[in-house]
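*Asks:*
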Amino acid sequence: MAKEAVYVIGHKNPDSDSVCSAIGLAELKSALGEGAFVPARAGDLNPQTEFILKYNNVEPPRYISDVHPRAKDIMSTGVVTVTEQTPFHKVLELMREEQVRFMPVLDGDGRPKGVLTLMELAKRYLEAEHSIEVTTSLGNIIATLGARVKNDTLGSKEITLTVYIGAMSEEAFLYILGQEDPGKCALIVGDRADIQKRAVEKGVGLLIISGGFDVDECVVKAAKERGVSIIVSPFDSATTSILVRVSTPAYMVCERSFETVSPDDLVESLKSKAAAAAGLIVLDGNGVMQGVITKSDILKPAGTNLVLVDHNEISQAVDGAEKVNIVEVVDHHRIGNFNCTLPISFICEPVGSTSTLVSELYRRKDAPIKKEVAGILLGGVLSDTVILRSPTTTERDREIVKWLEERAGLDHNTYGAEIFGSTASISKRGPEAVVGSDFKVFEAKGKKFGIGQVETIGFDEFHSEAQKLMDELVKARDKKELKLSALLVTDITLGTSLLLATGEKEVICKLDYPRLKESVFELKNVISRKKQLLPHVLSVFNEVY
0 MAKEAVYVIG
10 HKNPDSDSVC
20 SAIGLAELKS
30 ALGEGAFVPA
40 RAGDLNPQTE
50 FILKYNNVEP
60 PRYISDVHPR
70 AKDIMSTGVV
80 TVTEQTPFHK
90 VLELMREEQV
100 RFMPVLDGDG
110 RPKGVLTLME
120 LAKRYLEAEH
130 SIEVTTSLGN
140 IIATLGARVK
150 NDTLGSKEIT
160 LTVYIGAMSE
170 EAFLYILGQE
180 DPGKCALIVG
190 DRADIQKRAV
200 EKGVGLLIIS
210 GGFDVDECVV
220 KAAKERGVSI
230 IVSPFDSATT
240 SILVRVSTPA
250 YMVCERSFET
260 VSPDDLVESL
270 KSKAAAAAGL
280 IVLDGNGVMQ
290 GVITKSDILK
300 PAGTNLVLVD
310 HNEISQAVDG
320 AEKVNIVEVV
330 DHHRIGNFNC
340 TLPISFICEP
350 VGSTSTLVSE
360 LYRRKDAPIK
370 KEVAGILLGG
380 VLSDTVILRS
390 PTTTERDREI
400 VKWLEERAGL
410 DHNTYGAEIF
420 GSTASISKRG
430 PEAVVGSDFK
440 VFEAKGKKFG
450 IGQVETIGFD
460 EFHSEAQKLM
470 DELVKARDKK
480 ELKLSALLVT
490 DITLGTSLLL
500 ATGEKEVICK
510 LDYPRLKESV
520 FELKNVISRK
530 KQLLPHVLSV
540 FNEVY
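Once you know that position 179 of the sequence shown is 178 in numbering that gives the first Met the number 0, the rest is easy, because the numbers rise by one and skip nothing.
1) Do you know how far the Cα of Thr-143 is from the Cα of Lys-149?
2) Less than 8 Å between the C-beta atoms of Val-231 and Val-214, yes or no?
3) Does DSSP put Val-328 in a helix, a strand or coil?
4) Using three-state DSSP, classify Ala-1 as helix, strand or coil.
5) If we call anything under 8 Å between Cβ atoms a contact, is Val-104 one with Glu-83?
6) So Tyr-545 and Lys-112 are supposed to be a Cβ contact under 8 Å. How far apart are they, rounded?
7) Within this structure, are the beta carbons of Val-380 and Ser-17 separated by less than 8 Å?
8) If Val-488 and Leu-499 are in contact, beta carbons under 8 Å, what's the gap, nearest whole angstrom?
9) Alpha carbon to alpha carbon, what distance is there between Glu-503 and Met-0?
10) Using C-beta distances below 8 Å, list every residue in its chain close to Ser-389, excluding the 5 sequence neighbours before and after it, in chain order.
11) Over the uninterrupted alpha helix (DSSP H) stretch that includes Tyr-512, give me the two end residues.
12) Give the C-beta separation of Ser-209 and Gly-226 to the nearest angstrom, bearing in mind that I take them to be a contact with Cβ-Cβ under 8 Å.
13) Does Arg-225 come out as helix, strand or coil in the three-state DSSP assignment?
14) In three-state DSSP terms, what is Gln-289?
15) May I have the straight-line CA-CA distance separating Lys-71 from Tyr-124, to the nearest angstrom?
16) Nearest CA to the CA of Leu-52: which residue from Gly-378, Pro-248, Gly-457 and Leu-532?
17) Going straight from the alpha carbon of Trp-402 to that of Asn-45, what length do you get?
18) Starting from Gly-451, trace the beta strand (DSSP E) both ways and give me its first and last residue.
19) Output the boundary residues of the alpha helix (DSSP H) element that contains Val-18.
20) Which runs of the alpha helix (DSSP H) fall wholly inside the region 379–427 and span at least 4 residues, in chain order?
21) Measure the alpha-carbon distance for Phe-540 versus Glu-33 and round it to whole angstroms.
22) Identify every residue that forms a DSSP beta bridge with Arg-244.
23) Could you compute how far the alpha carbon of Asp-263 sits from the alpha carbon of Glu-126?
24) Tell me the rounded alpha-carbon separation between Pro-68 and Asp-151.
25) Pull up the distance between the alpha-carbon of Gly-42 and that of Glu-321, whole angstroms please.
26) Can you list, in chain order, the residues of its chain whose CB lies under 6 Å from that of Cys-217, leaving out five sequence neighbours each side?
27) What are the uninterrupted segments assigned as beta strand (DSSP E) that are 3 or more residues long and contained completely in the region 87–142, given in chain order?
28) How should Lys-370 be labelled, buried or exposed, when 16 other C-beta atoms within 10 angstroms of its C-beta is the threshold for buried?
29) Compute the distance between the beta-carbons of Lys-444 and Glu-480, then report whether it is under 8 Å.
30) Does DSSP put Pro-262 in a helix, a strand or coil?
31) So Ile-207 and Phe-172 are in contact, right, with Cβ under 8 Å, and what is the actual spacing, rounded?
32) Taking the straight line between their C-alpha atoms, what separation do you get for Lys-294 and Ala-277?
33) Taking only the alpha-carbon atoms, compute the straight-line gap between Thr-85 and Ser-130 and give it to the nearest angstrom.
34) Under 8 Å, do Asn-12 and Ser-436 count as touching if we go by C-beta distance?
Encoded structure:
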């Protein structure tokens, strides 16, 4: 059996390291035969990442907006169904054989017309046992009894019959038949030629010979002349009587009102519906049944598996990550509010980029690496370490850059300059893209804050665009309910940054950096959000809250 695909995915608002490490790790795991691993992203690519991928002729990873479990992920397919004409008795047999308590009734196009539940059928069965009337067709009666046909004048049309057992005297039989319309009666009788002949003479609608007895040819001949249908049941009269009354077609005993859902409906939204119904029918856009969901399906474990790269905090993960299986983490950030119910592989080491860790896995496992994969992993390292200038840079990063250079056929200085040169313009990108493309939300003392980062060459464009950028930060603050919303603007040539910030007054006042303007701070020699800015902001939150 083929394994389910595992998505290797970075954080929301993915940066280059997040995307490149996801592609590299998925490629490695698939090459090692560990299963089907698919690189994915939880947001749009920023211009820098687009440049790296195009430079190396690598396709962008699949975009996934969320991984919330949906109806299609838990529904049961290959469902036991019946047609509208399936006999009631056959439905009961199927339920017993297949051990199901819920069964859709479908038309010829696969569209549901009703549902059958064991509870409702049990009630109908008890009602049928005490009723002398049945609405059915001769075909259904024959199918239910497994009867032999001697004469068929009713065809497939539906009829309502009053069912009698000819166990009385001939006189009593004739009296009872005189009270009814004979053509609307079904008589069940054993090897009693006198009653059989009288029934045919009176023109009963259906004569059923029980016990498997043969019928005299003169009776059959008379039945053909009188238009009386005759069949032979292999069962005794009492059993035959019960079975005839449960030969009613499914559409007549099914519940016409039933719950339907879409394949893309969230499982969370289905719980109340599933609790109140025996089952939910999943329909496609054309109203054709795709599967069913019962209470036990709702309790199924999530089928989606994730490997998180370049993050480990659920607040930064693709929406719905907390509802699915996280099977592995490869990261180089602080360990946040991560928890899981089962043991997993968790790699979190103090290097400059996640791409470094992924590249080291290639070396450690002596796995071949494609030139283009080496190229994007090199781009991931250079992006996150600002061409090895960031204080987060380690000897391991420098060593892996040399290893990747050889395999990608690139010079890291030239390549790095091209990478940063491709996205240096703030005004061309627009304020929404500048703030949102690498904006990360963190949590401390139960309070949330967000910090974005953008690299530039010089601060002239920043100053001219500052108000527009501030407007975007305010939007992010209000939408995400943040106590601090900030943008770290880093000049990669000077190795220094400015911080544009908005938020709670107590937090802003505690930021221990020189203030150039009301909302602008100077952060000399600071170029790393993770290693230089984040620890200070965390200490501020610990002090304020």
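Where a beta carbon is used, it is the ideal one built from N, C-alpha and C, also for glycine.
*Replies:* By the coordinates alone:
1) 16 Å
2) yes
3) strand
4) Note on Ala-1: pLDDT 40, under 50, position unreliable in the model; no value is reported.
5) yes
6) Here the chain covers residues 0 to 544 and nothing more, so residue 545 does not appear.
7) no
8) 7 Å
9) With a pLDDT of 29 at Met-0, under the threshold of 50, the predicted position of this residue should be treated as unreliable, and no value is reported.
10) Gly-351, Asp-383, Ile-526, Ser-527 and Lys-530
11) Here Tyr-512 belongs to no alpha helix (DSSP H), and DSSP marks it neither H nor E.
12) That pair is no contact at about 22 Å.
13) helix
14) strand
15) 34 Å
16) Gly-378
17) 26 Å
18) 446–455
19) 15–30
20) 394–407 and 411–420
21) 42 Å
22) DSSP output for Arg-244 lists no bridge partner at all.
23) 40 Å
24) 54 Å
25) 18 Å
26) none
27) 101–105, 111–116 and 132–136
28) exposed
29) no
30) coil
31) The Cβ separation is near 14 Å, so there is no contact.
32) 8 Å
33) 20 Å
34) yes
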